[in-house]
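Heads up, the thing below is written out as structure tokens.
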Amino acid sequence: MQIKTKFSIYFLPILAIILNVYLWEKISFPYSNPEEVIGYYSFFNHSHFTDTIRYVVFVSTPLILFFVLFIFLNKQECLKFNEIFPNTSFRKNEKNFQLNLIFYICLFILIVKFLSTEFPKNDLDIFHEGQLLSGAYNFFLTKEIWKNTYVISGLFMDILNANLAWSITGNESIGAYRFFIFFLQSFTSIIFLVLGYYICKSFNLKKDEEVLFFLILSIVFLYLVNSNVLVFRDLPLACLLIFCLNIFRSHKSNLAICFLLGTLSIISLLWSLDRGMYLNATLISFIILLFFMKRNYQIFFIFLGILFSWILFYLLIGKGNFLLFIDHSFTILKYMDLQQGVIYPAPFSDEPNATRGTRNLLLIIINGFFVIFTLLNRKNNIPKETKLFLVILFILSFLFYKSGLSRSDAPHMKQAISFHTILFIIIIYFNLSNYLKKYINSNGLKFLLEKKIILILFLAIFLQNNISFQHMKNIFNFKERYIKFININDNFFLKENDRKIVNKLKELTKNEDCFQLFNYHTAYTYLIKKKTCSKFTHIFNLGPKKHQYDFIADIRQTNPKFILYETTPESEISVDYNDKKSLFLVYSFVRPSKRFPYINEFILKNYKTLEEFNDWIILHRN
Numbered sequence: 025m026q027i028k029t030k031f032s033i034y035f036l037p038i039l040a041i042i043l044n045v046y047l048w049e050k051i052s053f054p055y056s057n058p059e060e061v062i063g064y065y066s067f068f069n070h071s072h073f074t075d076t077i078r079y080v081v082f083v084s085t086p087l088i089l090f091f092v093l094f095i096f097l098n099k100q101e102c103l104k105f106n107e108i109f110p111n112t113s114f115r116k117n118e119k120n121f122q123l124n125l126i127f128y129i130c131l132f133i134l135i136v137k138f139l140s141t142e143f144p145k146n147d148l149d150i151f152h153e154g155q156l157l158s159g160a161y162n163f164f165l166t167k168e169i170w171k172n173t174y175v176i177s178g179l180f181m182d183i184l185n186a187n188l189a190w191s192i193t194g195n196e197s198i199g200a201y202r203f204f205i206f207f208l209q210s211f212t213s214i215i216f217l218v219l220g221y222y223i224c225k226s227f228n229l230k231k232d233e234e235v236l237f238f239l240i241l242s243i244v245f246l247y248l249v250n251s252n253v254l255v256f257r258d259l260p261l262a263c264l265l266i267f268c269l270n271i272f273r274s275h276k277s278n279l280a281i282c283f284l285l286g287t288l289s290i291i292s293l294l295w296s297l298d299r300g301m302y303l304n305a306t307l308i309s310f311i312i313l314l315f316f317m318k319r320n321y322q323i324f325f326i327f328l329g330i331l332f333s334w335i336l337f338y339l340l341i342g343k344g345n346f347l348l349f350i351d352h353s354f355t356i357l358k359y360m361d362l363q364q365g366v367i368y369p370a371p372f373s374d375e376p377n378a379t380r381g382t383r384n385l386l387l388i389i390i391n392g393f394f395v396i397f398t399l400l401n402r403k404n405n406i407p408k409e410t411k412l413f414l415v416i417l418f419i420l421s422f423l424f425y426k427s428g429l430s431r432s433d434a435p436h437m438k439q440a441i442s443f444h445t446i447l448f449i450i451i452i453y454f455n456l457s458n459y460l461k462k463y464i465n466s467n468g469l470k471f472l473l474e475k476k477i478i479l480i481l482f483l484a485i486f487l488q489n490n491i492s493f494q495h496m497k498n499i500f501n502f503k504e505r506y507i508k509f510i511n512i513n514d515n516f517f518l519k520e521n522d523r524k525i526v527n528k529l530k531e532l533t534k535n536e537d538c539f540q541l542f543n544y545h546t547a548y549t550y551l552i553k554k555k556t557c558s559k560f561t562h563i564f565n566l567g568p569k570k571h572q573y574d575f576i577a578d579i580r581q582t583n584p585k586f587i588l589y590e591t592t593p594e595s596e597i598s599v600d601y602n603d604k605k606s607l608f609l610v611y612s613f614v615r616p617s618k619r620f621p622y623i624n625e626f627i628l629k630n631y632k633t634l635e636e637f638n639d640w641i642i643l644h645r646n
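Using this note's numbering, read the sequence shown as starting at 25 and increasing by one per residue.
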């Protein structure tokens, strides 16, 4: 490609990025909130569509320009449309004994890590873990899912994970739940290791380069898992990528994998609602690519898997629960941004997290440039099937970043960019390796590869990052540690103030069938071993006015004697609701009385203060 052509292809997209920075604040949609959902957006009359449209415009404009310019200005190196989609089987790689050996060594290291790592004994997260424990305990007591528990994150997340832990261990404890989560996170490491194995096999690299690429990918994957950037909620997405890669690489076989891929449609939604939405949207894109590849039989088996799994789910839970599942899911998706949303920082501004937000947007665009260039360029040596896989990975990454748009605090943006990070590492590896081959003494590089020095170095890094040698002795007493951990009294995981209020609530509610909170310390209902008096176990996501009225109806019916109200005002962090920066820092702590005014009015009308205990207000029914 000539320098002049290169300049022409990249100049306008870069100019579009600069223009989009200026247009960011100009893109705004009318604020509409008929259900009176109170959250960060509502304080500033910010439409929950605005950030998504800004994101799509900011990213898509330079990518579309780059795509069009590459086609028209670089016709000699550009593949034609019909050449993009292969109609022959993928050429299978020769067996790589080194790669297989390294893979099993890494797998063994992860198993050793699982057996030797200390179990998580940190204080209970009353808010986040409380959501999962209290919802699960409601089901444990009532055996009703959607009727008695409003599922927010997904059936598995809110209900089944803790119940599976309790069923397997035979112990309804925090320790049992924590161990199960610990196991799932360890299993997540293994699945992403498998994903790395299949990715490196798809590029037709030389054997030594294949091993090196695998080790680099594995180190990155496991760093993301160990940092809780990739979590067990992402397991369906990892499976999606593994299945897609295997289907691309096989022309007529792997129909069973096609069927399994189809079943992920409902499994992912039940596993985690937001991940399920990203997966299903990506699945549609994948089916479209298979259509252009004329893989009709594979499409048929995917649809067969989708149809079978949805029908089976319907038959297992019945019509009533199925309709509740649909209603809950659509309502959550409709109001999620209004409930939890934080305005995404303008690129290159001084707003909170603007640096991270800008960096993420630029990374997405860079990845898009690379994928388009790789897809259309006929001179690179990457198999066409692998190019299409990179397209799927980009689509999934692009959709997944939505979770960082609606909740643009640092932790959520870090998680949201995770799959783009994976794609970027692939980009860096290939560009850097080509640079090394071209500009560095090839004999020296060849020597390092032949003598396995580089491979040994990266294997050592992998080992160091995943095994603590001081904990190796834990392997031999794993069973004893496991039994002891799942039997730890729940009080062990509580702070002193939490223990005091829990003991107080146990005393008050010993003769009550249910107990209701009007605060965000959701774990308390689990800790006192009571079901909630409303199906809304986690009121933070209660949201729309309709749900407030539903909550009131539940309270009228169950008529709880006591309600644990908010903390006293003196103990609340001072929040200026008119200041964007101030509210950003503590947006989760908007008081329930302010977030849910209809419920608050009902409670204050029908309940009076019994006592104040450790800054908590305990209410008694009039």
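C-beta atoms are modelled at their ideal positions from N, C-alpha and C, and glycine is treated no differently.
**Asked** What are the start and end residues of the alpha helix (DSSP H) that includes Y550?
**Response** A547 to L551
Supposed close pair L529, I563 - CB separation, criterion 8 Å:
Incorrect: roughly 16 Å between the Cβ atoms, too far for contact.
* **Rounded straight-line distance, which links the Cα of N535 to that of K554** => 11 Å
#### Entry: 6 Å CB neighbourhood of N22 in its chain, flanking five on each side removed
Outside the displayed range of the chain (25 to 646) lies residue 22, so it cannot be described from this structure.
- Can you check whether the CB of D147 is closer than 7 Å to the CB of K519? yes
**Prompt:** Are the Cβ atoms of G199 and I512 separated by less than 7 Å?
**Reply:** yes
* Asked: Where do the N-terminal and C-terminal ends of the beta strand (DSSP E) with F539 fall, by residue?
  -> C538 to L541
Practice item. Assign V92 to buried or exposed, taking buried as 16 or more other Cβ atoms, counted over all protein chains shown, within 10 Å of its Cβ. Key: exposed
Q) Looking only at its own chain, which residues have a Cβ that is under 7 Å from the Cβ of P653, when we skip the five neighbours before and after it? A) No statement about residue 653 is possible, as the shown extent of the chain runs from 25 to 646 and does not include it.
Review point. How would you label R383, buried or exposed, when you count the other beta carbons within 10 angstroms and need 16 or more for buried?
Key: exposed
- prompt: Which same chain residues, not among the five before or five after S213, have their C-beta less than 6 Å away from its C-beta?
  reply: L134, L246 and V249
- prompt: For V244, which of V395, S442 and H70 has the nearest alpha-carbon?
  reply: S442
query: Is the segment 322 to 330 close to the segment 425 to 439, with three or more CB pairs under 8 Å?
result: no
Per DSSP, W640 forms a beta bridge with which residues? T591 and F637
Item to complete: Measure the alpha-carbon distance for L123 versus V81 and round it to whole angstroms.
Response: 42 Å
Buried or exposed, going by whether 16 or more other CB atoms sit within 10 Å of the CB of N405?
exposed
Measuring alpha carbon to alpha carbon, tell me which residue in F337, L285 and Y589 is nearest D639.
Y589
Can you list, in chain order, the residues of its chain with a C-beta nearer than 6 Å to that of W295? Leave out the 5 residues immediately preceding and following it. G178, F180 and P260
Distance check for G159 and L423, CA to CA, integer angstroms please. 28 Å
TODO: For S32, I'd like the list of residues in its chain whose CB is within less than 7 Å of its CB, leaving aside the five on either flank, ordered along the chain.
DONE: L93 and L97
By the three-class DSSP mapping on this structure, what secondary structure does I464 have? Unreliable placement is indicated for I464, whose pLDDT of 48 sits below 50; no coordinate value is reported for it.
Discussion item. In the DSSP assignment, the alpha helix (DSSP H) including V244 goes from what residue to what residue?
Written reply: K231 to N250
Is it right to say P58 is buried, meaning 16 or more other beta carbons lie within 10 angstroms of its own, or is it exposed?
exposed
In terms of residues, what are the limits of the alpha helix (DSSP H) holding K171? From DSSP, K171 is part of no alpha helix (DSSP H); its letter is neither H nor E.
Notebook entry, point to check: The alpha helix (DSSP H) spanning M360 covers which residue range?
Noted result: N320 to Q364
Q | Helix, strand or coil at Y631 [DSSP, three-state] | A | strand
query: So L414 and T398 are in contact, right, with Cβ under 8 Å, and what is the actual spacing, rounded?
result: 6 Å
Are Q439 and G63 touching if we call contact CB-CB under 7 Å? no
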